[in-house]
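Residue numbers (the UniProt record's numbering), protein chains in the order written: chain A, 1 to 387; chain B, 1 to 269; chain C, 1 to 315; chain D, 1 to 239. All residues carry an ideal CB built from backbone N, CA and C; glycine is no exception.
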């Protein structure tokens, strides 16, 4: 199994020789556009099959499989839970005494408490990857990354439109002041990941959440909640646009997280395992549709440690120990420490060092966010999936 | 008060989900579901659904290979993972596996270790990964069936299909069976509420595929059936075993026919 | 996950009781306000080489915000003043990898970030929780880009950070659970990065450059008349801002002008920039975080230089 | 040229261009410039005369000792571990002797620069070598810190240069001996490989069965000064 020490890196250290890495890097960093090993264009995604609502025992579920056989299944379960405030009694006083410190943007909400706004901890995410423990760095990092954009996507401009989604996912989970839904998102990867599993998991989670239904509430106001037994009238967690609404008003959808790498001056989307192993920089960018319907909104960016930093360096001929056995002692010391001695030699693989230039980050996000860019393409593709 | 089989069955002669005593739930199965593995299957018995993938026979890890060098055959490695969303309530656990999945994987490992022709693959490992997506009773039986299908898909030789089924009694069956007025019926293929209420057992049987001169001899088939797995965690008076075991074996036979249909119907055959 | 090996304290918060009389005096105007300029950073105390048993170590402390310092010396309400980051970092190694580990041509970095149980308002357990593990991964990413790992084959480096006092996520006078976004963790990460870089330099591990952490955020003013008035602030103390829309941490290497770690979250689209500034919100935010990192770099480089000069003088 | 050099450098500080200097340890090259990669004093090693090479710029890992003689500061000076590299001379303690190999754990990597230059100003980071060795050779002191030290192997064929096939490991090393060896390979995941196949390499310190520190008697024998009993060893030539 994989070495847990290196598991936090973008995936396991690739088993490619320095020569292979160098070849791959050169072809991916060609100035006229990269040549990818599988012939895709830089922004093209791998083909996948998707289905939703596959598990009757869950509130929502989805399965996505890549052609290479990596499959992910996401099941969403919701439980009703009592809203526990850190101090219930104090809460009352605070509400009376403080004239609602205007720390909420919309003045309509008078009580700035979890009871109204929802709490990020109500969404729990756990990722199971074969060969990893639950608390290994990779699953923890992945779930924090996806959860962060899920709870963070507050579509505040709910003016006149879906008021139900006004507080984002968090707000949707509020039943009343004392009760809320708790959402468990369990992600199951069916085989060891062949590439960094982030896009797969994110897309699957997206579809599962879209298909998630909550039973229809029959109680009103601050009553203890009870629900309609008829699953047929259950409501979607992410409400569907009513047929009467104009076609332009698109449905509010969960965010997606895209994986972008930069190699040389090129920007490459949805890298496979080999491509990510020569990346200069790896970014995970979470986006969602802007609440105004058009355009995209950036939710979060995270750098991911590129596995290229852990690769084995190639040795240029000029420094090959076996060809200079006759030379003196001090030269050998320099050769054993080649990074001090030489500038990068073309065609010889060096583990990537250093970070990302700011211009590269700008370019990466621009490619995702621009009109007609990759982000829109992905979201449109997902909207094509029948849920 | 929740409905219970032990109270409603004597009145209606129907189970809670409307089945008769010897009726199985809807059986659905598919093989070659995951191209990344050597063999894979998806199996649903009612609301119990399982995905299973097989890797290997492949070179075992260094430590294991040396340990099993004496046996000279392949090592079967089973890993059972019950998804958090599989049950009615979401299962929370602190990493790793729980008692139920460890138990199932132990039974599966010993069953398939002796069932497969492991001697054909010395110093290698056959690893089976079982993911329980939805659990609604007869989990062990369904896991046996899913593993068999995935192993067939992986092309690993075995003497016959290993099929599992559960059987239970419609009451607690704690007193000796009274042959004159016996109001308890055996049940085939239990669902989760029934499992929680009633005593039940799980049986896995295998039937040698007739070869040679017996090939055409249809009647001989039953004579070749062997019980490979028998697991029972609940308490029942021994006199009722007589009625439980045949029902479970009947279920296994039924499932075997269904599974043969699945294998024949798949495109790879 | 429960820690069963130790006798644990109460699971809830460890806040002292707040009495009615104390509460009455607290009104929203007591909320601490930022008295620094938007681009002005808090002072940082950083010293290396304090832990003799480690091969490298550093201690870092943020100056408490001015308003809070005043509040502390002359308390007007019972609401506890906000905290300021204090953390220690130790570096152990390079040392041999454990026998079970595979051959590595590079230095294998392991990062542990742990809150002391008393570091935050809410007691932290002894077992690392997911946010601590998450911080560890962020820190590892930030440092691995700076370290010249191929000079240390077959060896491992353990970086352990203990957070003695964590940054608050919000003003403590606000009703509990009013915010749940953990903005304080981003300041903590920036501090971790700066301190770890100093400790690595102290341990004489080859680095491309010192790497400094910086935070910038887009905040909305208290009582903003109209929405869409997000202002870019550097080194935000979450207690001083009623509403933080988005925040960003970077790990930045000034000599190469490169970012090794970037973590941005929240809605950065509402940033109001100067006229003629055509950058998008998130770009401005990243640039702001880089400026903040430049500021902490000046402290970092002085601290490293000072420790060297001290060593030379005492040798 | 030398005036532009700072006296101490911090990582990421530009020191000079590759046109003027060659990059030594503690530096790295970025876009034709030499940058410091560790914090420490900047040292220029002049090029050997009558060669074409440039002087080498390096950042020292160690603080230079002041004018010789003052021992006050040295004892508390921190030690910075240097990794064993190929050809570096190490001192190691024998932890296990098998038929084909001896396992040792590396205590000290001797600084090459110090070894080559005149010993009076041995400003190596290992100047408390003596104390390390005496404590290590002390049987009570065999702590379980071996996990924290680099492990190495001396294979049977690497013990001595002559009569390799007649080597009996038990007559070469005993557990607890201190051996001076030279690294021949970084080895595999767990072990470095050492050789003692030179006159100046081999056992430098050992205790006899009686527990007394022995002195070298010949290239293959050490003797107990109290009992007078000799024990076979692959002995390093004393300086």
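Reduced DSSP category for residue i - H, G, I as helix; E, B as strand; rest coil
i: residue 236 of chain C; result: coil
i: residue 86 of chain D; result: coil
i: residue 156 of chain D; result: helix
i: residue 164 of chain D; result: helix
i: residue 47 of chain C; result: strand
i: residue 312 of chain C; result: helix
i: residue 168 of chain C; result: coil
i: residue 231 of chain A; result: helix
i: residue 198 of chain C; result: helix
i: residue 169 of chain D; result: helix
i: residue 186 of chain C; result: helix
i: residue 236 of chain B; result: coil
i: residue 23 of chain D; result: strand
i: residue 9 of chain B; result: helix
Residue i: first and last residue of the uninterrupted beta strand (DSSP E) it sits in
i: residue 30 of chain D; result: 27–30
i: residue 205 of chain D; result: 202–205
i: residue 75 of chain A; result: 71–82
i: residue 170 of chain A; result: It is not in any beta strand (DSSP E) - residue 170 of chain A instead sits in the alpha helix (DSSP H) that spans 168–172.
i: residue 79 of chain B; result: 75–82
i: residue 167 of chain B; result: 162–169
i: residue 35 of chain A; result: Looking at the DSSP string, residue 35 of chain A is not in any beta strand (DSSP E), and its letter there is neither H nor E.
Rounded separation between residue i and residue j - CA only
i: residue 150 of chain A; j: residue 263 of chain A; result: 29 angstroms
i: residue 202 of chain D; j: residue 52 of chain D; result: 38 angstroms
i: residue 276 of chain A; j: residue 102 of chain C; result: 21 angstroms
i: residue 169 of chain B; j: residue 112 of chain B; result: 28 angstroms
i: residue 262 of chain B; j: residue 111 of chain C; result: 51 angstroms
i: residue 123 of chain D; j: residue 202 of chain C; result: Confidence at residue 123 of chain D is low in this model, with a pLDDT of 37, below 50, so the placement of that residue should be treated as unreliable; the coordinate-derived value is given next. Those two C-alpha atoms are separated by around 19 angstroms.
i: residue 165 of chain C; j: residue 65 of chain C; result: 14 angstroms
i: residue 179 of chain A; j: residue 218 of chain A; result: 14 angstroms
i: residue 219 of chain C; j: residue 241 of chain C; result: 7 angstroms
i: residue 125 of chain A; j: residue 143 of chain A; result: 6 angstroms
i: residue 183 of chain C; j: residue 46 of chain A; result: 36 angstroms
i: residue 91 of chain D; j: residue 169 of chain C; result: 52 angstroms
i: residue 120 of chain A; j: residue 251 of chain C; result: 26 angstroms
i: residue 247 of chain D; j: residue 184 of chain D; result: Within the shown structure, residues of chain D are numbered from 1 to 239, placing residue 247 of chain D beyond reach of any answer.
i: residue 203 of chain A; j: residue 281 of chain A; result: 22 angstroms
8 angstroms contact criterion, which residue i and residue j should meet: CB distance rounded
i: residue 266 of chain C; j: residue 152 of chain A; result: 6 angstroms
i: residue 28 of chain A; j: residue 268 of chain A; result: 7 angstroms
i: residue 186 of chain A; j: residue 74 of chain A; result: 7 angstroms
i: residue 211 of chain C; j: residue 260 of chain C; result: 6 angstroms
i: residue 132 of chain C; j: residue 114 of chain C; result: 6 angstroms
i: residue 54 of chain D; j: residue 20 of chain D; result: 7 angstroms
Limits of the alpha helix (DSSP H) - the one that residue i falls within
i: residue 139 of chain A; result: 137–152
i: residue 251 of chain B; result: 241–265
i: residue 22 of chain A; result: 18–28
i: residue 104 of chain B; result: 99–115
i: residue 315 of chain A; result: Careful: residue 315 of chain A lies outside any alpha helix (DSSP H) and carries neither H nor E.
i: residue 196 of chain B; result: 192–197
> Are the region 10–23 of chain B and the region 107–126 of chain B touching by the rule of at least three beta carbon pairs closer than 8 angstroms?
Replying inline: no
>> Does the structure place the region 73–82 of chain B close enough to the region 197–217 of chain A that three or more beta carbon pairs sit under 8 angstroms?
In response: no
>> When you compare the region 182–192 of chain C with the region 6–26 of chain D, are there three or more beta-carbon pairs, one atom per stretch, that lie closer than 8 angstroms?
In response: no
> Just checking, does the region 302–312 of chain A make contact with the region 375–383 of chain A on the three C-beta pairs under 8 angstroms criterion?
Replying inline: no
> Using 8 angstroms as the Cβ pair cut-off and three pairs as the minimum, do the region 126–135 of chain B and the region 171–179 of chain B touch?
Replying inline: no
> Is the number of C-beta pairs between the region 29–40 of chain B and the region 65–74 of chain A that are closer than 8 angstroms three or more?
Replying inline: yes
>> Tell me whether the region 146–153 of chain C and the region 86–105 of chain C touch, counting them as touching only if at least three CB pairs, one residue from each stretch, are closer than 8 angstroms.
In response: yes
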